[in-house]
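So the numbering used here is basically just the index in the sequence shown, starting at one, shifted up by 1352. All C-beta atoms in this analysis are idealised placements derived from N, C-alpha and C, irrespective of residue type, glycine included. Note that this is a predicted model, so its numbers are computed, not measured. Notes to accompany the following structure.
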Amino acid sequence: MRSNVVWYAGALSALERILAILSAGADYRPRIPPSAVGPETRFKEDLGLDSLALMSLAAELDEHYEGLDEMEIARWITVADCTRYLDGLSRR
């Protein structure tokens, strides 16, 4: 499900984009407030995101980054893992 986040091209860093999605998306319901999320926050243990929620997050990110590989998502343990990966992709 798409969130109601308004995107401005090039305006958000990968971390800011993730936080915006977590804040606006009804699919997520993180255990901690998005304002407390940092690079070392773990998707499963800290945020409580299951694999379906992580796939939904990746689908929203895929709208803004070219070449997002669904197999790579399984390697994302922390927010930093995700941002490092996204920093290596081209933005749309």
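| What whole-angstrom Cβ distance do A1432 and E1392 have, given they're in contact under 8 Å? | 6 Å
| field | Contact belief for I1384 with C1434 at Cβ below 8 Å, rounded distance in angstroms | value | Contact doesn't hold; Cβ gap of about 16 Å is too wide.
| said: Just verifying my parser: in three-state terms, what is the DSSP assignment at S1365? | reply: coil
| message | Assuming I1425 is part of the alpha helix (DSSP H), what are its boundary residues? | response | E1422 to I1425
| message | Rounding to the nearest angstrom, what Cα-Cα distance links G1400 and G1390 in this structure? | response | 15 Å
| Would you call I1429 buried or exposed, if buried means 16 or more other Cβ atoms sit within 10 Å of its Cβ? | That one is exposed.
| Exposed or buried, E1412, counting other C-beta atoms within 10 Å across all chains shown (16 or more means buried)? | buried
| query | Should L1441 and I1425 be called a contact, given that it needs their Cβ atoms to be closer than 8 Å? | reply | No, Cβ-Cβ distance for L1441 and I1425 is not below 8 Å.
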